[in-house]
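Just below is one structure, and these are the notes that go with it.
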Amino acid sequence: RFNNWDEVRQTLERDLSTCAQGKVSVALYRLDELEGQPIGHFNGTCIDDQDITIDNYEFTTDYLENATSGEKVVEETLVSHLLKSNCLITHQPDWGSIQIQYRGRQIDREKLLRYLVSFRHHNEFHEQCVERIFNDLLRFCQPEKLSVYARYTRRGGLDINPWRSNSDFVPSTTRLVRQ
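Heads up: the sequence shown at position 127 corresponds to 144 in our numbering, and the numbers run straight through without jumps.
Shown next, in the form of structure tokens:
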């Protein structure tokens, strides 16, 4: 039994930091504190409106092969609302929006979108998908800095918004329109 909210927060931070082998921050809110919270959006350039045909919905990293060009280092934020995978257990669809911030050689937006859409028939938990995307982008695109943040539609009352970063990026907790 906990004596107060701060004790709960500290316990969660300690236990999750131990499991994650890194620093985890926790914020707790009462339900009435969330009333009237604004609907937000991801900052960045949306890559969804490209005039391309996508006909592969099976997961593959092939699209990330040679997905960077030039030697010029850029710093940009790319967004897609077309991320969809399926629950590992129930195989129910999980729709999400994803924000990718990086510093490195420019990533080809068409190849990135094809890669993200290839998750359509993939069965993995939200957190595993974000971890996979993060590691695949590190491996194939080799950015100096990378943050991958996804906000998924709620299922079963759970709000799951995984984030993986090797920089000091801290994501916004503003809910998106589909949440």
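Ideal placement from N, C-alpha and C gives every residue a C-beta, glycine not left out.
- Chain-order list of residues whose beta-carbon lies under 8 angstroms from that of residue 22 (same chain, five-residue window excluded): 45
- Task: Determine, using beta carbons only, whether residue 26 and residue 43 come nearer to each other than 7 angstroms.
- Result: yes
- Query: Who are the near neighbours of residue 161 in its chain, counting only those whose CB is closer than 6 angstroms to its CB and skipping five residues on each side?
  - Reply: 120, 121
- Message: The beta strand (DSSP E) that contains residue 15, what's its start and end?
- Response: Residue coverage of the chain in this structure runs from 18 to 196, which leaves residue 15 outside it and unanswerable.
- Could you please give the first and the last residue of the uninterrupted alpha helix (DSSP H) stretch that includes residue 91? Unbroken run through residue 91 is the beta strand (DSSP E), 85 to 103; no alpha helix (DSSP H).
- Tell me whether the beta-carbon of residue 167 lies closer than 7 angstroms to the beta-carbon of residue 128. no
- Task: Locate the beta strand (DSSP E) running through residue 134, then write down its first and last residues.
- Result: First-last for residue 134: 126 to 134, but that is the alpha helix (DSSP H), not the beta strand (DSSP E).
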